[in-house]
Each structure stands twice: as C-alpha cells, then as structure tokens.
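K.L.:
Right, I'll just put the structure down here and ask away after.
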C-alpha cells in the first residue's frame, strides 16, 4: 500500500474535500499517476495525483485536458462525474466520483457501443483546444519513427525494416477521442447499476480520427497487457460490426499494418527504458506477428 503524501491530505482537508477519518485505498492499474479510492461514510471518490513528466511517446498525461473532458461529459454515462481539479502544493490533482465495478474483460459489443456514442458526440468549443491526433498514414509513420528514435538503434533496426507502405490520406475528422480505451480503462458497473462500461483515465484525450481509439482497444499488445490475451478474430469482427461504421472499418483495415507497427515500436520503447517493463516483450511479439500476418 502506498500512503498518500501528507501534504496532499492536508491540502484536501483544508479544501473540505476529505476529512481526518477518510479511508485511503490505492487503486490497482494506475501505471502513470498515483490514484486512491477515498471513502468517507457513504461518499466514495477517486483522488488522482499526477506524476510530473510521466507522458510517453504515445500517451500524454494532461491534467487540464482530463478535467475539461470530464466536465463536458457530465451526465453522459461515458465518464465519471468530476468533483474537483486544480494545482495544489502537492501537484496537479483531480477528484471524481468513484465508479464501482470491474475492469472490462469480455463483451466487445458493449465497448463498441460506448466508443460509438463518444465519437458521435459533437465536439464542443471548449474541447477544440485538445491535442490533434496523428491523422493518415504519413502522420502515423512519422510518429512511429519518432518513437523508434528514442530506442537503442540496434534493437530498433529490426522494427524499422518492417515499416509498412501506405498512402492513406488524412481523414480530417475531429472526433473527441479517449486516447487510451484499453480494458483497464473501461469499468463495467455491477449490481443494480449494471450497464455499459464507463471510460476512466482521460489524461490523454485528443481530437481526430475515431479509428485510433478502435485500434487501441483492438490492439493485441494492450489486450495482452490488461487481460492476458489478445482478442480472437471473431471478437474483433463482432466489435467492428457492433460499432457499425463501414467507412471506419475500411479505414482501420487500410491503416492496420501501420497501427500494429506503431504499437510494436511503443512496446519496444517500454522495454528499453532505464526501468524497463518486461511485460511488454510478449506484447511486442504479438503486434509483430499480427503485422506479419497482414503481409502474407
């Protein structure tokens, strides 16, 4: 158990957001920031203390963007209800209502419906400042090359040799993207409140092509990291059918080799950090295998 920093507790007590009797419990799954479930009588909230300089080449860590999105999505059922956001002496902090339930592990159709609902929402003016996502083959290739530039050259060489060729043009779409809709960021409500999964951890939202969210959920690597196995071909097909957008499916299919290549590069980046994450080794192999199957 990781206790919250005393300065954080003092800050939140002074603001009336927690009490001296509040119970702090570390939430599992937080790979980037420090996250606790804080309960006090019948109130249960999540307190997120952002880790400085914790963004990666693929996933940003933007407290302001997360706060903006949660505010816009209040009452939509797509995200938790925000309670507080601000910069305290302990650092940037976000508080939102705790979503009881379990991380998603099955029923791809439910996730497809959630993402379709998100992507179909008009982008309000308040979110026009969100970062643009890479759009089209050239932008995705440039992003992947930049990731590989941050890995040891001898280990990156094999992946550079697998660079796919594609001329898919930018879509020009400006949908609100979650940016990291992997199984651990989809909480399935239980009990009397059971329903569609709720998206949490909105620290890397973006504007752009919705297929990027679809690709992240379908990614063999992200499924392996979160739930121990990739989706089956049948599950992938069912997900895309439930999403119900033939143009998006065609675009995803056309860009899929680059998207597998990009994720393999990210996995390599993860396992070659000063503090490597070995769990990404198998995940990288699965992305490469998926890429090579498409080349046959």
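Numbering (our numbering), first residue to last: 46 to 341.
Glycine residues also receive a C-beta, built at the ideal position from the N, C-alpha and C atoms.
(1) Taking a contact to mean a Cβ-Cβ separation below 9 Å, would you say residue 250 touches residue 91 in this structure?
(2) Keeping to the same chain, check which residues put their C-beta closer than 6 Å to that of residue 271; ignore five residues upstream and five downstream.
(3) If you compare alpha carbons, which of 213, 85, 231, 134 is closest to residue 56?
(4) Tell me whether residue 246 is buried or exposed, calling it buried when 16 or more other Cβ atoms sit within 10 Å of its Cβ.
(5) Would you identify the three-state DSSP class for residue 85, choosing helix, strand or coil?
(6) Measuring CA to CA, which of 182, 258, 244, 151 is closest to residue 302?
(7) Do you know how far the Cα of residue 314 is from the Cα of residue 219?
(8) Tell me the DSSP secondary structure of residue 224 in three-state form.
(9) In terms of DSSP beta bridges, what is residue 170 paired with?
(10) Consult DSSP for residue 47 and reduce its assignment to one of helix, strand or coil.
(11) Between which residues of its own chain and residue 102 is the CB-CB distance below 8 Å, once the five residues before and five after are set aside?
(12) Do the region 164-173 and the region 251-258 meet, that is, are 3 or more Cβ pairs less than 8 Å apart?
(13) Candidates 149, 150, 300, 263: which alpha carbon is nearest residue 208's?
(14) Identify the continuous beta strand (DSSP E) that holds residue 137 and give its terminal residues.
P.N.:
Based on what the coordinates show:
(1) no
(2) 227, 228, 229
(3) 134
(4) buried
(5) strand
(6) 182
(7) 28 Å
(8) coil
(9) Residue 170 is not bridged to any residue.
(10) coil
(11) 188, 191, 192, 195, 311, 314
(12) yes
(13) 300
(14) 136-142
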